[in-house]
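Engineer:
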Amino acid sequence: MGLINIHAKPDVYLRSFNNILWSIAGSWLLKGWKQIGKENVDTVDDTMLSEILRIQAEGFEYGRQGEILKYSKKFRKIFYVIKSQDRIIGYCIYYLRPDFSVTGLEKRSVIYSIAIDREFRNRGFGRKLLEESIKEMKMNSVSAICLYVNINNLPAIKLYEKIGFSIIKEIKDICGQKERCYKMELKLA
Ligand SMILES: CC(C)(COP(=O)(O)OP(=O)(O)OC[C@H]1O[C@@H](n2cnc3c(N)ncnc32)[C@H](O)[C@@H]1OP(=O)(O)O)[C@@H](O)C(=O)NCCC(=O)NCCS
C-alpha cells in the first residue's frame, strides 16, 4: 500500500525535493547580505507579523499565512516593511535564486508578495518600498528582479512599469488556477 502511494506521486516528491534545493540555494546566496539605511523602510521582525498578515489578507484573495511566516524566518533580510509615522502600512517579500549564465553564477531575486494597506494606497508608498529595496538589491549585486502579476491587476502592473519592469511573457496557473499572469523583469546589471 505504502509503495503504491510512493509510486503514485513521484512528481509531488520531486517538486518538494526541488523546493528544498532552491530554498537552500536561496539561503546560501543571502549570506553576507549588506543592509543599507532606507528611508521609512525596514526589515521585518516578529512584532510586525500580525499587521503584515492583516495587510496580506486584505490585498489578496488567498491567505498565505504559512508561507509568509516561513519567509520572515528564512529571508528576513529581504523581507521589507514600509512605515508611516511608525505604523506598518505595507510589505514586500523577496527571495533569491541562482542563475547560471555564460558569464557565470548570477544572483537573481523574485518578488514573492507585495501589498500596501488599503487606506494608504495610491500615495506613492508602493513605489517608495520598491525603490528603496531595489537600491539594496543593486548594492548586493543582484542582476535582475522578476515577479508574476495577474494580467487584470492594473494598479500593480502600472506600478511595476513605472519602476522599469517589462513584461517578458504570459503564463497560466501561477497566480491561481486557470488565471493568466505576466512574468515581469527588471534588469539591474
Ligand atoms: C499594487 C499596490 C502594491 C500598489 O501600491 P500603491 O502604494 O497604491 O502604489 P503607488 O501609490 O506607489 O503607485 C505608483 C504608481 O502605480 C500606479 N498605480 C497605483 N495604483 C493605481 C491604480 N489604482 N490605478 C492605476 N494606476 C495605479 C500609478 O502609475 C502610480 O504612479 P503615479 O502615482 O505617478 O501615477 C497596491 O495597489 C496593493 O497593495 N494592491 C493589492 C495587493 C496586490 O495586488 N499586490 C501586487 C501583486 S502582484
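Residue numbers 1 to 189, in UniProt numbering, belong to the letters of the sequence shown in order. Glycine included, every Cβ here is placed at the ideal spot set by N, Cα and C.
Can you give me the C-alpha to C-alpha distance between R118 and A57, rounded to a whole angstrom?
Structural biologist: When the Cα atoms are used, R118 and A57 turn out to be separated by approximately 11 Å.
Engineer: For S141, which of helix, strand or coil comes out of DSSP?
Structural biologist: coil
Engineer: Report the partner residues of F100 according to the DSSP bridge assignment.
Structural biologist: L105
Engineer: Give the single residue among I24, T103, G104, E185 whose Cα lies nearest to the Cα of C146.
Structural biologist: Checking every option, the nearest Cα to that of C146 belongs to E185.
Engineer: Helix, strand or coil: which one does DSSP assign to Y62?
Structural biologist: coil
Engineer: Does the Cβ-Cβ distance between I68 and I52 come in under 8 Å?
Structural biologist: I68 is a Cβ neighbour of I52, given a cutoff of 8 Å.
Engineer: Measuring from the CB of F60, is there a heavy atom of ligand 1 at a distance below 7 Å?
Structural biologist: yes
Engineer: Applying the 10 Å Cβ sphere with the 16-neighbour rule, what's the burial state of L159?
Structural biologist: The residue in question, L159, is buried, as its Cβ has 16 or more Cβ neighbours within 10 Å.
Engineer: Just to check, is the beta-carbon of R64 closer than 7 Å to a non-hydrogen atom of ligand 1?
Structural biologist: no
Engineer: Just to confirm my understanding: we take K128, look at its own chain, exclude 5 residues before and 5 after, and list those with CB closer than 6 Å. What are they?
Structural biologist: none
Engineer: What is the DSSP secondary structure of A189, reduced to helix, strand or coil?
Structural biologist: coil
Engineer: In angstroms with no decimal places, state the Cα-to-Cα distance between E179 and R121.
Structural biologist: 24 Å
Engineer: Have a look at R15 and S23 and give me their C-alpha separation to the nearest angstrom.
Structural biologist: 12 Å
Engineer: V12: buried (16+ other C-beta within 10 angstroms of its C-beta) or exposed?
Structural biologist: exposed
Engineer: Do L188 and K138 have their C-beta atoms closer together than 8 Å?
Structural biologist: In contact: L188 and K138 (Cβ atoms closer than 8 Å).
Engineer: Between the segment 37-54 and the segment 76-87, do three or more beta carbon pairs fall short of 8 Å?
Structural biologist: Contact between the segment 37-54 and the segment 76-87 is established, with three or more Cβ pairs separated by less than 8 Å.
Engineer: By how many angstroms is the C-alpha of Q35 removed from the C-alpha of E106?
Structural biologist: C-alpha separation (whole angstroms): 19 Å.
Engineer: Following the continuous beta strand (DSSP E) through K34, name the residue where it begins and the one where it ends.
Structural biologist: Element bounds for K34: n/a, residue is neither H nor E.
Engineer: For E170, report the span of its beta strand (DSSP E) as first-last.
Structural biologist: 166-172
Engineer: Taking 7 Å as the cut-off, is the C-beta of V149 nearer than that to any heavy atom in ligand 1?
Structural biologist: yes
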